[in-house]
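See structure below.
Protein chains: 2
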Amino acid sequence: MADTVAASHQRGDEMVVVVSAMSGETNRLLALADEVNPDRSERETDVLLSTGEQVTIALLSMALQRRGVDARSYTGSQVRILTDNIHGRARILDIDSARVRGDLRQGRVVVVAGFQGVDAEGNITTLGRGGSDTTAVALAAALKADECRIYTDVDGVYSADPRIVPEARRLERITVEEMLELASLGAKVLQTRSVEFAGKFKVPLRVLSSFEPGPGTLITYEEDPMEQPLISGIAHNRDEAKLTIRGISDIPGVAYRILGPISDAHVNVDMIVQNVSADGTTDLTFTVHRNDYRKARQILDDIAAELGAAQVFGDDGIAKISVVGVGMRSHAGIASTMFRALSDERINIQMISTSEIKISVVVEDKYMELAVRALHKAFGWGEEAIQEKMPTAVA
Amino acid sequence: MADTVAASHQRGDEMVVVVSAMSGETNRLLALADEVNPDRSERETDVLLSTGEQVTIALLSMALQRRGVDARSYTGSQVRILTDNIHGRARILDIDSARVRGDLRQGRVVVVAGFQGVDAEGNITTLGRGGSDTTAVALAAALKADECRIYTDVDGVYSADPRIVPEARRLERITVEEMLELASLGAKVLQTRSVEFAGKFKVPLRVLSSFEPGPGTLITYEEDPMEQPLISGIAHNRDEAKLTIRGISDIPGVAYRILGPISDAHVNVDMIVQNVSADGTTDLTFTVHRNDYRKARQILDDIAAELGAAQVFGDDGIAKISVVGVGMRSHAGIASTMFRALSDERINIQMISTSEIKISVVVEDKYMELAVRALHKAFGWGEEAIQEKMPTAVA
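Those protein sequences? They're chains A and B, same order as listed. Just so you know, we're using our numbering here: the first sequence kicks off at 11 and counts up by one. Just so you know, we're using our numbering here: the second sequence kicks off at 11 and counts up by one.
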């Protein structure tokens, strides 16, 4: 990173660099803490974990100094990145950018510890995992930066997972909304929270590889209808399981009586589909994370008994495939193209759920790769030149 | 430590605990820094090193919480321990004890990172090695604590090194001045700086073992003539070498012309003895650290040529033995007891140097152990009951 930053600085860029802890360091510190007291206060966990980034800001500053760059490090408290007092998952309330601006004016590169801040009483807080990206976006917003670059282990956002679709292509740009949909669908390039932040504060975000040169993908809040492709990406997800309750009275409040206890048990529900049948009863199907499948199934069995439901069944052998694109807003026929492509491959659709810029379907999980490839081709990417291979691949 | 602190807290003591980095951690971090940039800014070194204590304050607080003690940690910046801006060896200027007092009032144990502070601009500073003791003393002074306990790897200050004198006894109390003399003579129980600090701010200091129970030794600024023994301790030191320049004109400024260049070469001089001879020439003998012997010898040879001295000779096979005690102020005859004891053992005295509460002699180094034992006996400790054996021994 020091080489990359020094080169950019030599080209005249004013730069603030936000760093995470070294690989494995946060887990090492957590293991130490667990050994000492698994039931400790969150405040002390934050004091401990925040040392991880403090080590890297110092080391990166030293590495920059070695390359002739005047660099200076700041912890979250020093900047000062003011947060609320929810230790372990604090939210940034305000950033005082005066010191950082002062250093930039003097030609310095400023290195800031990500993932951490300070509450109004001066206690050290952390933003939770992935918080370094959030820090970078928040600082970019506070400084009105031209661009916030997020260096990751992938070289951009792809139209589909290149491990499944070899001809998947790197997107030059994608909208914040599309990125959010992709993230929520399991594409793990960036933390959802930092993308939301970028959208909210209109910070242009660029995802690049730490290991390979290249322009990456620009995540922008601006929509350019002329340049916008119909579909930006195809996401897939094998992490979910499906649960169905059948033959329940179709009366107001029944969905809440079913999903309330699920939510109370801290099980997140993703897709929900309800059909009305002719005889005054209804069916409800929803998906949960596969890890929560057994727990949700047990709760649902209890509810079924209470409600006198006809049947409960579940399936954890499913996959979710989604097509995402702001182009959907102005183009009809996307859903039918999708369904036809799946039908041509004889892939049965078990559930459908749509939003303004996304269509998701649930299929039997053995069809996942086939479905992704078929859709990638159906939306016109099949004939394009095969891009260079990726080190790690993400949709 | 958590067990010790929790027990003391249960007995009703209000406590602030100052901790160092874990064993080896500071060296590990320095090695990382050297790898990245041996010529880095001191500011960044301090940012890096200060994480060592930040880890331990969090872990100790967690360990106390596990023992049912409400504990809260503070970094040097958080307390706030204001220092000057000399990175790596900052001096404490002021301590804001408001937050600490607030926590104590609420029955909390406060855990503070030693060795570190913050300058007026909010930069992290470190006090240099051994700085954790200084932090503890400074906090004790700011809080007007009843006592500052320093936990070390020895269980107190001894009348002589128990490795040499098996019947050496642990002192119940010693004055700050005596302790400073012992420290300057090579007894390494505590950093000189923290003892000076304790004396300056009249903080009663107690040295105890981290590993064994016991009252340790109280280092006090109060002199109690009734209880004061004649001699508090016998120190020894094999780290020095002796240099003599003979037959130089006894004119004003000659000592400066000899010792000035030595000092300019950053060689510390310890003992200095000058004799006047009948023929208008003089001899000057001084001691330096053994590591500086060659360097000092070379400088002295050059000076001798300039001054037309008769002879230069040196000896790095020497040992220094000192008896220390505030009792000397009011008792005559200590020097003669010392010289007689050495004479009885046929140990030749090469140099003598005295201060108000100390007499030091230089002898051939093979006599060191014998000299220490003879003196220990001569000052009346010989017949006392043999104390329990020590894990590590210090005079």
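For glycine and all other residues, C-beta sits at the position ideal for the given N, C-alpha and C. Treat the numbers as computed from the prediction; the structure is a model and nothing was measured.
Of the residues the options, the one placed nearest residue i, counting alpha carbons only
i         : options                                       : result
Asp375(A) : Leu240(A), Asp104(A), Gly226(A) and Ile357(A) : Ile357(A)
Arg111(B) : Gly318(B), Met281(B), Thr144(B) and Ala151(B) : Ala151(B)
Ile102(A) : Arg77(A), Ser142(A), Leu58(A) and Ile67(A)    : Ser142(A)
Ile244(B) : Asn37(B), His386(B), Asp80(B) and Arg90(B)    : His386(B)
Asp249(A) : Ser204(A), Asp326(A) and Tyr231(A)            : Asp326(A)
Val264(B) : Ala251(B), Leu380(B) and Gln284(B)            : Gln284(B)
Ile309(A) : Ile255(A), Leu192(A) and Asp260(A)            : Ile255(A)
Tyr84(B)  : Gly78(B), Thr145(B), His97(B) and Thr36(B)    : Thr145(B)
Asp56(B)  : Glu45(A), Met72(A) and Ala41(A)               : Met72(A)
Glu35(B)  : Thr66(B), Val213(B) and Asp23(B)              : Thr66(B)
Ala5(A)   : Leu253(A), Arg179(A), Glu54(A) and Val164(A)  : Only positions 11 to 405 of chain A appear in this structure, which leaves residue 5(A) out of reach.
Asp163(A) : Val199(A), Pro172(A), Ser204(A) and Ala155(A) : Val199(A)
Val27(A)  : Leu181(A), Phe349(A), Val373(A) and Val119(A) : Val119(A)
Asp260(B) : Val371(B), Ala319(B) and Met281(B)            : Ala319(B)
Thr14(B)  : Val147(B), Glu222(B), Arg99(B) and Ile184(B)  : Glu222(B)
Met25(B)  : Ile362(B), Gln88(B), Leu42(B) and Leu153(B)   : Leu153(B)
Val277(A) : Val286(A), Gly290(A), Arg21(A) and Lys252(A)  : Lys252(A)
Asn247(B) : Ile174(B), Trp391(B), Asp23(B) and Glu355(B)  : Ile174(B)
Glu187(A) : Gly390(A), Val382(A) and Glu366(A)            : Glu366(A)
Met361(B) : Arg304(B), Ala342(B) and Asp293(B)            : Asp293(B)
Gln126(B) : Thr202(B), Glu355(B), Leu114(B) and Asn95(B)  : Asn95(B)
Leu317(B) : Asp165(B), Leu269(B), Gly166(B) and Leu42(B)  : Leu269(B)
Pro262(A) : Val213(A), Tyr161(A), Ala17(A) and Thr291(A)  : Thr291(A)
Asp289(A) : Ile258(A), Val279(A), Pro271(A) and Ser273(A) : Ile258(A)
Contacts that residue i makes with chain B (C-beta to C-beta distance below 7 Å)
i         : result
Glu54(A)  : Ala68, Ser71, Met72 and Ser83
Thr61(A)  : Thr61, Gln64 and Val65
Arg50(A)  : Met72 and Gln75
Gly132(A) : Gln88
Short Cβ contact (8 Å threshold) for residue i with residue j
i         : j         : result
Ala31(B)  : Glu52(B)  : no
Ile134(A) : Ser60(A)  : yes
Ala108(A) : Cys158(A) : no
Val217(B) : Gly224(B) : no
Ala351(B) : Ala384(B) : yes
Val128(A) : Gly86(A)  : yes
Ile105(B) : Leu137(B) : no
Ile369(B) : Val333(B) : yes
Arg90(A)  : Gln75(B)  : no
Ile241(A) : Val205(A) : no
Val373(B) : Ile331(B) : yes
Ala123(A) : Val29(A)  : yes
Gly132(B) : Asp80(B)  : no
Ser346(A) : Met281(A) : no
Leu70(A)  : Leu39(A)  : no
Ala130(B) : Arg77(B)  : no
Within chain A, partners of residue i - CB distance below 9 Å
i         : result
Ala43(B)  : Ala68, Leu69 and Met72
Gly127(B) : In chain order: nothing, as chain A lies at least about 14 Å away.
One or two residues paired with residue i in a DSSP bridge
i         : result
Gln201(A) : Beta-bridge pairing links Gln201(A) to no other residue.
Phe296(A) : Leu253(A) and Ile282(A)
Ala265(A) : Answer is none; Ala265(A) lacks a bridge partner.
Gln321(B) : Arg256(B)
Asn247(B) : Lys330(B)
Tyr168(A) : Arg180(A)
Met228(B) : For the record, residue 228(B) in the displayed sequence is Leu; it is not Met. Answer by DSSP bridge pairing, in chain order: Arg183(B) and Arg216(B).
Arg53(A)  : Arg53(A) pairs with nothing; no bridge assigned.
Ser287(A) : For Ser287(A), which the question treats as bridged, DSSP gives no partner whatsoever.
Tyr84(A)  : Val122(A)
Val29(A)  : Ala123(A)
Thr61(B)  : BP columns for Thr61(B) are empty, so no partner.
Thr162(B) : Ser219(B)
Chain-ordered neighbours of residue i on chain B, where CB pairs are closer than 8 Å
i         : result
Asn47(A)  : Met72, Ala73, Gln75 and Arg76
Ser107(A) : Ordered by position in chain B, no residue passes the 8 Å Cβ test against Ser107(A), which lies about 14 Å from the chain.
Proximal chain A residues relative to residue i, where beta-carbon distance stays under 8 Å
i        : result
Val57(B) : Gln64, Ile67, Ala68, Ser71, Ser83 and Thr85
query: Which runs of the alpha helix (DSSP H) fall wholly inside the stretch 87 to 160 of chain A and span at least 4 residues, in chain order?
result: 108 to 115 and 141 to 153
query: If you scan the stretch 347 to 393 of chain B from start to end, which runs of the alpha helix (DSSP H) of 4 or more residues do you find wholly inside it?
result: 378 to 386
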